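Trainee: Protein chains in written order, with the working numbering: chain A, 8 to 375; chain B, 8 to 375. Backbone N, C-alpha and C fix where the C-beta goes; we use that ideal spot for every residue, glycine too. Owing to the predicted nature of the structure, the values given are computational and were not obtained by experimental measurement.
(1) Per DSSP, what kind of secondary structure is residue 302(A) in: helix, strand or coil?
(2) Measure the C-alpha to C-alpha separation of residue 65(A) and residue 288(B) and round it to an integer number of angstroms.
(3) What does a CB cutoff of less than 6 Å around residue 268(A) pick up in its chain, not counting 5 residues either side in sequence?
(4) Within the 9 Å Cβ cut-off, does residue 332(B) reach chain A?
(5) With a CB to CB cut of under 8 Å and the five nearest residues on each side skipped, what residues in its chain are close to residue 176(A)?
(6) Mind checking the stretch 83-105 of chain A against chain B and listing, in chain order, the residues whose C-beta falls within less than 7 Å of any C-beta there?
(7) Among the candidates 147(B), 141(B) and 127(B), whose CA atom is the shortest distance from the CA of residue 92(B)?
(8) So residue 232(A) packs on residue 206(A), CB below 8 Å; how close in whole Å?
(9) Determine the extent of the beta strand (DSSP E) in which residue 372(A) is found, giving its start and end residues.
(10) Going residue by residue through the stretch 139-211 of chain A, where are the continuous beta strand (DSSP E) segments of at least 3 residues, counting only ones entirely within it?
(11) Report yes or no: do the stretch 349-366 of chain A and the stretch 106-119 of chain B share at least 3 C-beta pairs separated by less than 8 Å?
(12) Against chain A, does residue 290(B) count as a neighbour if the rule is that its beta carbon must be under 9 Å from one of theirs?
(13) Name the DSSP bridge partner or partners of residue 231(A)?
(14) Identify every residue that forms a DSSP beta bridge with residue 133(A).
(15) Are the C-beta of residue 181(A) and some C-beta of chain B separated by less than 9 Å?
(16) Can you tell which of 68(B), 165(B) and 63(B) has the C-alpha that lies nearest to the C-alpha of residue 365(B)?
(17) For the beta strand (DSSP E) that residue 362(B) lies in, which residues bound it at each end?
(18) Between which residues of its own chain and residue 199(B) is the CB-CB distance below 8 Å, once the five residues before and five after are set aside?
(19) So residue 240(B) and residue 312(B) are in contact, right, with Cβ under 8 Å, and what is the actual spacing, rounded?
(20) Within the chosen definition, does the stretch 60-77 of chain A reach the stretch 8-23 of chain A through at least 3 CB pairs nearer than 8 Å?
(21) Between residue 178(A) and the rest of its own chain, which residues show a CB-CB distance below 7 Å, the 5 nearest in sequence each way excluded?
(22) Would you say residue 16(A) and residue 144(A) are within 9 Å of each other, going by their C-beta atoms?
(23) Between the stretch 106-121 of chain A and chain B, which residues of the former have a C-beta closer than 9 Å to a C-beta of the latter?
(24) At the 9 Å Cβ level, is residue 360(A) part of the contact set with chain B, yes or no?
(25) Mind pulling the chain A residues with CB within less than 7 Å of residue 304(B)?
(26) Can you list the residues of chain A that residue 377(B) reaches, using a CB-CB cut of under 7 Å?
(27) Could you give the residue range of the beta strand (DSSP E) that holds residue 34(B)?
(28) If you draw a straight line from the C-alpha of residue 19(A) to the C-alpha of residue 30(A), how long is it?
(29) Taking contact to mean 3 or more Cβ pairs, one atom from each stretch, closer than 8 Å, check whether the stretch 314-330 of chain B and the stretch 273-284 of chain B are in contact.
(30) Over the uninterrupted beta strand (DSSP E) stretch that includes residue 335(A), give me the two end residues.
(31) Using 9 Å as the threshold, is the C-beta distance between residue 147(B) and residue 330(B) below it?
(32) Do residue 286(B) and residue 307(B) come within 9 Å of each other at the CB atom, strictly closer than that value?
(33) Once DSSP output is grouped into helix, strand and coil, what is the label at residue 101(B)?
(34) Below 8 Å on the Cβ atoms is my contact criterion, and I expect residue 245(A) with residue 163(A) to pass it. Report the Cβ-Cβ distance as a whole number of Å.
(35) Which of the residues in the stretch 174-201 of chain B, read from start to end, lie with their CB under 9 Å from any CB of chain A?
(36) Based on DSSP bridge pairs, tell me the residues matched to residue 237(A).
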């Protein structure tokens with residue numbers, strides 16, 4: 008499978024006018040090798056150039072992994088002294104004759120650590136952004152990938168279902184978050200969960216990117232839970248919002264608006280439609296209800312091996328949806344200083360429309 | 008507390024000859040702000056320059072965090088369209104008049120994503136490596152930090168103690184790893200654990216950086232467990248090796264050698280001693296026993312908010328140990344294709360010697 012992926016990459020490099028690409032530990036490297044490398048203080052870089060054996064620079068202690076590659080790679084290993092690193096990178100660049108060439112990079116993944124070493128080995132090279140070229144590889148999920156993502160969604164849903172009866176007034180956000188992680192693992196998530204769950208209540212729920220705190224759940228809070236599971240390298244990323252005890256009327260109202268916006272976004276998703284239209288469909292509902300300024304982020308992002316990848320469901324993204332593209336639909340309303348609501352599902356575009364991999368109730372549930 | 012830390016940074020920048028430093032989400036930013044920012048596809052950068060209000064570039068949806076800073080920061084927020092990012096970075100660089108200046112970076116943390124945006128805003132600036140200047144901030148732990156690390160060690164130890172009776176022949180490495188993560192959370196680890204535990208048995212245990220697989224525990228395996236907890240931003244990182252059922256004589260022998268090497272490394276650690284001497288003390292034991300070529304990594308690394316930071320316990324590191332420095336001592340012997348052993352403790356240098364924060368039995372225990 009990963010040999011096919013390597014060939015796909017080679018074809019993409021040619022189309023994208025790149026002589027090579029460099030990858031450090033992250034989703035693209037995992038996609039192309041099937042292997043897990045750690046992102047650490049010792050640089051690991053895979054160089055891929057069409058029609059040549061890929062070259063890997065890595066620390067000696069990682070050498071056992073070289074034989075696990077699904078295709079032959081030429082390895083340049085370095086010892087514990089950082090002064091040896093430069094030399095390994097120079098040899099790698101020379102082996103592929105990369106100096107003066109166009110070497111694609113992933114700016115969101117590649118650190119200065121790796122970049123500066125590669126640049127020292129190929130000082131006259133250009134390093135154009137290869138994000139779009141590489142994103143294309145993973146943008147359309149095949150059936151196996153969708154089945155794996157479906158499983159990651161089911162694990163997440165089962166975990167939350169197990170958590171709901173345990174939610175009580177007086178528990179802290181951190182306690183709930185820990186319990187949710189335990190439920191994710193119990194229900195079959197990989198032990199490296201895709202992200203620490205957001206469990207935020209009351210004023211914290213009005214911050215879309217809150218980290219769990221020691222604040223205790225109080226009656227009248229809205230409770231936002233944004234969580235996901237990992238299964239066989241693919242992830243899920245869902246959000247539901249709960250009412251802790253009695254709810255103010257305005258909160259009932261904004262929850263209903265967000266639920267309608269979520270439904271509108273999901274309904275708009277189908278092949279041939281620009282991403283912007285999905286964003287517009289969800290945003291229209293919130294704007295028409297008078298809460299437009301409280302929906303402060305895009306409607307969604309792509310999902311697969313990463314939580315944040317293409318296609319981005321943003322008002323200015325004219326990219327057309329195609330079968331196999333997978334993304335979140337997650338409108339929200341955030342009343343800063345008071346409470347917030349978000350409802351997030353994971354969709355895959357089909358031949359004729361879109362399938363929501365997630366199907367937990369979206370109606371507000373009272374907990375506590 | 009974090010205002011003191013900011014002042015400490017300002018002093019370090021002056022000593023290091025830097026006009027500013029840029030920080031993206033990671034341990035240094037957390038140390039200086041007390042806040043958690045996500046490392047994601049939207050760049051977040053804090054610019055710190057002496058005698059000026061720090062400047063923060065961030066997405067609009069993160070704006071609520073600006074008020075949580077323990078000191079005043081000037082924020083430049085951008086919207087969902089990436090074409091706005093450049094402008095926010097330019098304004099940040101202009102506010103601090105950074106163009107043409109020396110702006111320190113952390114190459115192990117900073118991605119090309121952030122770097123290229125900052126560089127576009129300050130095209131004539133230099134970007135020297137500030138790792139050492141910044142490492143100095145966190146290198147000597149104060150009493151509160153050591154107490155927090157002690158707690159992170161205790162959580163990890165309690166979790167492993169709860170796991171040991173559950174280890175049975177036929178369980179997979181992945182199952183054990185998931186169960187260990189659950190125990191870490193149950194015993195009080197933050198839900199964002201510092202790293203996915205390494206649980207590796209049989210031939211996999213001979214790979215120091217193995218990821219858990221579906222391989223089942225078999226009688227005769229050695230089982231390496233390398234795990235840690237997070238508590239209040241600080242982490243622990245321990246390793247113990249177990250025998251699954253009956254053990255070959257050579258495995259008994261190498262376990263004993265590694266245990267002696269671990270003890271020798273710990274005994275050598277005290278103020279005024281170069282890091283290299285701790286490495287040498289541990290390595291000597293293994294070399295004298297004839298297994299030197301099977302100890303393929305350094306003896307340890309610093310520990311605190313990160314798993315891998317200074318001081319590095321490496322044969323060529325002449326840095327002198329000082330009270331408050333914290334690091335791992337983790338010698339190992341890896342018989343590739345067969346089995347491996349590693350025993351890892353977490354030490355803090357005291358006024359007169361070193362304290363091992365970890366104290367679980369290091370003798371081999373039989374499990375299964």
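Mentor: In this structure, then:
(1) As a working note, residue 302(A) is residue 295 in the first chain. In the three-state reduction of the DSSP assignment, residue 302(A) falls in the coil class, being assigned neither a helical nor a strand state.
(2) Position 58 of the first chain holds residue 65(A). Position 281 of the second chain holds residue 288(B). Taking the Cα positions, residue 65(A) is about 27 Å away from residue 288(B).
(3) As a working mapping, residue 268(A) is identified with position 261 in the first chain. Hits under 6 Å: 289, 292, 293 and 338.
(4) Here the question's residue 332(B) lines up with position 325 in the second chain. It does not; no Cβ of chain A falls within 9 Å.
(5) Your numbering for residue 176(A) matches position 169 in the first chain. Leaving aside the five residues that flank residue 176(A) on each side, the residues in its chain whose CB is nearer than 8 Å to its CB run, in chain order, 223, 224, 225, 226, 251, 252 and 375.
(6) Across the stretch 83-105 of chain A, CB contacts with chain B closer than 7 Å involve 87 and 88, in sequence order along the chain.
(7) Start at 1 with the first residue of the second chain, and residue 92(B) comes out as number 85. Of the residues 147(B), 141(B) and 127(B), the one whose Cα lies closest to the Cα of residue 92(B) is 127(B).
(8) Position 225 of the first chain holds residue 232(A). Position 199 of the first chain holds residue 206(A). Between residue 206(A) and residue 232(A) the Cβ distance is about 6 Å, and since that is below 8 Å, they are a contact.
(9) Numbered from its first residue, the first chain carries residue 372(A) at position 365. Membership of residue 372(A) in the beta strand (DSSP E) is indicated by the continuous run 372-374.
(10) As far as the stretch 139-211 of chain A is concerned, its whole beta strand (DSSP E) runs of at least 3 residues are 205-208.
(11) With the cut-off at 8 Å, the stretch 349-366 of chain A and the stretch 106-119 of chain B do not touch.
(12) Here residue 290(B) is taken as the residue at index 283 of the second chain, counted from 1. Closer than 9 Å: no.
(13) Counting from one through the first chain, the residue named residue 231(A) turns up at place 224. DSSP output for residue 231(A) lists 207(A) and 248(A) as bridge partner(s).
(14) Walking along the first chain from the start, residue 133(A) turns up at place 126. As DSSP reads the structure, residue 133(A) sits in a beta bridge with 109(A).
(15) For the purposes of this step, residue 181(A) is taken as residue 174 along the first chain, with counting starting at 1. Taking Cβ atoms only, chain B reaches closer than 9 Å to residue 181(A), which makes this a yes.
(16) For the purposes of this step, residue 365(B) is identified with residue 358 of the second chain, where counting begins at 1. Per the Cα distances, 165(B).
(17) Counting from 1 along the second chain, the entry for residue 362(B) is found at position 355. Per DSSP, residue 362(B) belongs to the beta strand (DSSP E) from 361-363.
(18) As a working note, residue 199(B) is residue 192 in the second chain. Excluding sequence neighbours, residue 199(B) sits near 237.
(19) Taking the second chain and counting its residues from 1, the one referred to as residue 240(B) is at position 233. Taking the second chain and counting its residues from 1, the one referred to as residue 312(B) is at position 305. That belief holds up - the Cβ atoms of residue 240(B) and residue 312(B) are roughly 6 Å apart, short of 8 Å.
(20) Output reads yes: the stretch 8-23 of chain A touches the stretch 60-77 of chain A.
(21) For the purposes of this step, residue 178(A) is identified with residue 171 of the first chain, where counting begins at 1. Excluding residues up to 5 positions away in sequence, 223 and 224 lie with their Cβ nearer than 7 Å to the Cβ of residue 178(A) in the same chain.
(22) For the purposes of this step, residue 16(A) is identified with residue 9 of the first chain, where counting begins at 1. For the purposes of this step, residue 144(A) is identified with residue 137 of the first chain, where counting begins at 1. A contact, by the Cβ cut-off of 9 Å.
(23) Residues 112, 113, 114, 115, 116, 117, 118, 119, 120 and 121.
(24) Residue 360(A) sits at position 353 when you count from the first residue of the first chain. Taking Cβ atoms only, chain B never reaches closer than 9 Å to residue 360(A), which makes this a no.
(25) By 1-based counting over the second chain, the position of residue 304(B) is 297. Taking the beta carbon of residue 304(B) as reference, the chain A residues within 7 Å of it are 68 and 87, listed in sequence order.
(26) The question about residue 377(B) has no answer here: the residues shown for chain B are numbered 8 through 375.
(27) Start at 1 with the first residue of the second chain, and residue 34(B) comes out as number 27. Unbroken run through residue 34(B) is the alpha helix (DSSP H), 34-40; no beta strand (DSSP E).
(28) As a position in the first chain, residue 19(A) is number 12, starting the count at 1. As a position in the first chain, residue 30(A) is number 23, starting the count at 1. Straight-line Cα distance between these residues: approximately 15 Å.
(29) The stretch 314-330 of chain B, when compared against the stretch 273-284 of chain B, does touch it at the 8 Å Cβ threshold.
(30) Working through the first chain from its first residue, we reach residue 335(A) at position 328. Counting along the chain, the beta strand (DSSP E) containing residue 335(A) begins and ends at 333-336.
(31) Translated into positions along the second chain, residue 147(B) becomes position 140. Translated into positions along the second chain, residue 330(B) becomes position 323. Cβ distance < 9 Å, so residue 147(B) and residue 330(B) count as in contact.
(32) The count along the second chain starts at 1 and reaches residue 307(B) at position 300. The count along the second chain starts at 1 and reaches residue 286(B) at position 279. Contact check for residue 307(B) against residue 286(B) passes: the beta carbons are separated by less than 9 Å.
(33) On the second chain, position 94 is the one that residue 101(B) refers to. The answer is helix: DSSP assigns residue 101(B) an H, G or I state.
(34) One-based indexing of the first chain puts residue 245(A) at position 238. One-based indexing of the first chain puts residue 163(A) at position 156. At roughly 6 Å, the Cβ-Cβ gap stays under 8 Å, so residue 245(A) and residue 163(A) are in contact.
(35) Residues are counted here when their Cβ sits less than 9 Å from a Cβ of chain A; for the stretch 174-201 of chain B these are 181, 184, 185, 186, 187, 188, 189, 192, 193, 195, 196, 197, 198, 199 and 200, given in chain order.
(36) Position 230 of the first chain, counted from the first residue, corresponds to residue 237(A). Paired residues: 242(A).
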